[in-house]
Ligand code: FES
Ligand SMILES: [Fe+2]
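In this note's numbering, the protein residues as written are 1227 to 1660.
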């Protein structure tokens, strides 16, 4: 449970809020680079941290990220012409380069110097790891995050985007909430095939939660037969990144919870293989041929929130099938992604955490909230730079899954896999919070 004021601090991302200030210290992903297209493709509009923006790729391939309204008289630059290394407003023809500088003002007299004084509200954009990133902070941006998925060849990674109609933290908390796995995503009969849902006899995992320099990691232990322990290891990395348990073949999946505004989130599903092209096994993350983790998407609509909207949504109860719920799986909702979508959206746009009741299985959620709130306060009151901003190499970690003899320390045994790409492995004796 959080106080109402902490809940507000945790969830509000607008300009001038503590969490908005924290988020504005990081590069955030906006869209896969294919969505933005080749240089001089039409501009795209989107919302990020509560700001309506227009994104374009100029003739040189550089990315421009502008406040949507033209500084002349407020017309949407989404209608603009992306031509000859700049975006030209269609109302009176003012043109801006990617830095926001006005470079042409054809409706003013030739001798006018006005254009030199005029700038569009521009942020920094970049292309990295197949993704278009935006930095909505002030001053020089930090280094781009060195995720392993951003560094491997293109055929070793995959992305899919879906919009979720709730606060970013609400979605993220689903990834670090391991005890829901064999309920929400479970099948009813252990003898049914895995396509019906997941199954484990042990429904109450024990959690080892370890604060790290880049975020928090946990190992969730479930009893297996024959003296074995089944471990699921999930990472949280500041400020919006999670890696949930890897596939046994080495494919690592994760989510990015990009706050569009306080009540809308763009969920990125990411999967990568450290060493080989992605195989059909990624189908387990909803990446089969022609597939999307959220199933079919609605056609694009106008407006900053008009893209990547699942057809199964609140308005149709996520296509719940009560017969399926009776006979096959726990929810009657057709896929893992939509099951998560349904429950997190059902809490309302921003859950009132002041009225919840947390148990021991919520230890990771409690710890991650604390780390994020502490970082926001440290920035607000003491101007402390948040984790990872000055160390983009800290992102080079993985999640894990595995079975070990009971009593073996998972963090020690899995350390070489979890931190294979990291120059600096965390010490073996990290303090575990239970
Ligand atoms: S409103 Fe954009 S040029 Fe006039
Ligand atoms: Fe889930």
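Don't be surprised by glycine CBs; every beta carbon is placed ideally from N, CA and C.
Exercise. With a CB to CB cut of under 7 Å and the five nearest residues on each side skipped, what residues in its chain are close to residue 1439?
Worked result: 1613 and 1620
For this session: Consider the C-beta atom of residue 1423 and the heavy atoms of ligand 1; say whether any pair is separated by less than 7 Å.
Result: no
Exercise. Would the stretch 1322 to 1340 and the stretch 1265 to 1279 be scored as touching if the rule is three or more Cβ pairs under 8 Å?
Worked result: no
Problem set entry | Whole-number beta carbon distance between residue 1459 and residue 1590, since they are thought to touch under 8 Å | About 11 Å; that fails the 8 Å criterion.
Exercise. If you measure from each residue's Cβ to the nearest non-hydrogen atom of ligand 2, which ones come out under 7 Å, in chain order?
Worked result: 1400, 1406, 1407, 1410, 1411, 1562, 1565 and 1566
Exercise. How about residue 1258 and residue 1357: are their beta carbons less than 8 Å apart?
Worked result: yes
Exercise. Whole alpha helix (DSSP H) runs in the stretch 1506 to 1564 with 4 or more residues, listed along the chain?
Worked result: 1548 to 1553
Exercise. If you check the beta carbons only, do residue 1636 and residue 1624 fall under 8 Å apart?
Worked result: no
For this session: Report all residues from its chain with a CB closer than 8 Å to the CB of residue 1389; omit the five preceding and five following residues, and keep chain order.
Result: 1486, 1490, 1491, 1492, 1493, 1531, 1533, 1534, 1535 and 1536
Exercise. Alpha helix (DSSP H) containing residue 1479: first to last residue?
Worked result: Not the alpha helix (DSSP H): residue 1479 falls in the beta strand (DSSP E), residues 1478 to 1487.
For this session: Can you check DSSP and say which residues form a bridge with residue 1363?
Result: Answer is none; residue 1363 lacks a bridge partner.
Exercise. Can you give the Cα-Cα distance for residue 1333 and residue 1481, rounded to whole angstroms?
Worked result: 47 Å
Exercise. Per DSSP, residue 1253 is paired with what?
Worked result: 1361
Exercise. Taking contact to mean at least 3 C-beta pairs separated by less than 8 Å, is the stretch 1571 to 1580 in contact with the stretch 1417 to 1429?
Worked result: no
Problem set entry | The beta strand (DSSP E) enclosing residue 1458, as first and last residue numbers | 1454 to 1463
Exercise. What separation, rounded to the nearest whole angstrom, lies between the Cα atoms of residue 1576 and residue 1309?
Worked result: 41 Å
Exercise. How far does the alpha helix (DSSP H) with residue 1433 in it reach, from first residue to last?
Worked result: Element bounds for residue 1433: not the alpha helix (DSSP H) but the beta strand (DSSP E), 1432 to 1437.
Problem set entry | Distance between residue 1339 and residue 1271 (C-alpha atoms, nearest Å) | 30 Å
For this session: Please report how far the alpha carbon of residue 1255 lies from the alpha carbon of residue 1273, in whole angstroms.
Result: 12 Å
Exercise. Is the beta carbon of residue 1317 within less than 7 Å of some heavy atom of ligand 4?
Worked result: Ligand 4 is absent from the structure shown, which contains only ligand 1 and ligand 2.
Exercise. Residues in its own chain within less than 8 Å of residue 1447 by CB, not counting five upstream and five downstream?
Worked result: 1431, 1432, 1433, 1434, 1455, 1456, 1457 and 1636
For this session: Provide the residue span of the alpha helix (DSSP H) that contains residue 1342, from first to last.
Result: 1340 to 1343
Exercise. Tell me the DSSP bridge mates of residue 1389?
Worked result: 1492
Exercise. Relative to ligand 1, is the shortest distance from any of its heavy atoms to the C-beta of residue 1296 smaller than 7 Å?
Worked result: yes
Exercise. Hey, would you say the C-beta of residue 1299 is under 7 Å away from at least one heavy atom of ligand 1?
Worked result: yes
For this session: Report yes if the C-beta of residue 1620 is less than 7 Å from at least one heavy atom of ligand 1; otherwise report no.
Result: no
Problem set entry | N- and C-terminal bounds of the alpha helix (DSSP H) containing residue 1607 | 1589 to 1608
For this session: Starting from residue 1376, trace the alpha helix (DSSP H) both ways and give me its first and last residue.
Result: 1374 to 1377
For this session: Flag this pair as touching only if the stretch 1233 to 1250 and the stretch 1603 to 1610 have three or more C-beta atom pairs under 8 Å; answer yes or no.
Result: yes
Exercise. Sorted by chain position, which residues of the same chain lie with C-beta nearer than 8 Å to residue 1347's C-beta, five sequence neighbours on each side aside?
Worked result: 1292, 1293, 1295, 1297 and 1326
Exercise. Count the other CB atoms within 10 Å of the CB of residue 1411; is the residue buried (16 or more) or exposed (fewer)?
Worked result: buried
Exercise. Do residue 1283 and residue 1267 have their C-beta atoms closer together than 8 Å?
Worked result: yes
Exercise. When DSSP labels each residue in this structure, what does residue 1425 get in the three-state scheme?
Worked result: coil
For this session: Quick one: measure Cβ to Cβ for residue 1408 and residue 1425, integer angstroms, because I've assumed they're closer than 8 Å.
Result: 7 Å
For this session: Report back the beta-carbon spacing between residue 1477 and residue 1386 to the nearest angstrom; my notes put them in contact at under 8 Å.
Result: Residue 1477 to residue 1386, Cβ: 14 Å. No contact.
For this session: On the DSSP bridge assignment, give the partners of residue 1270 in chain order.
Result: 1281
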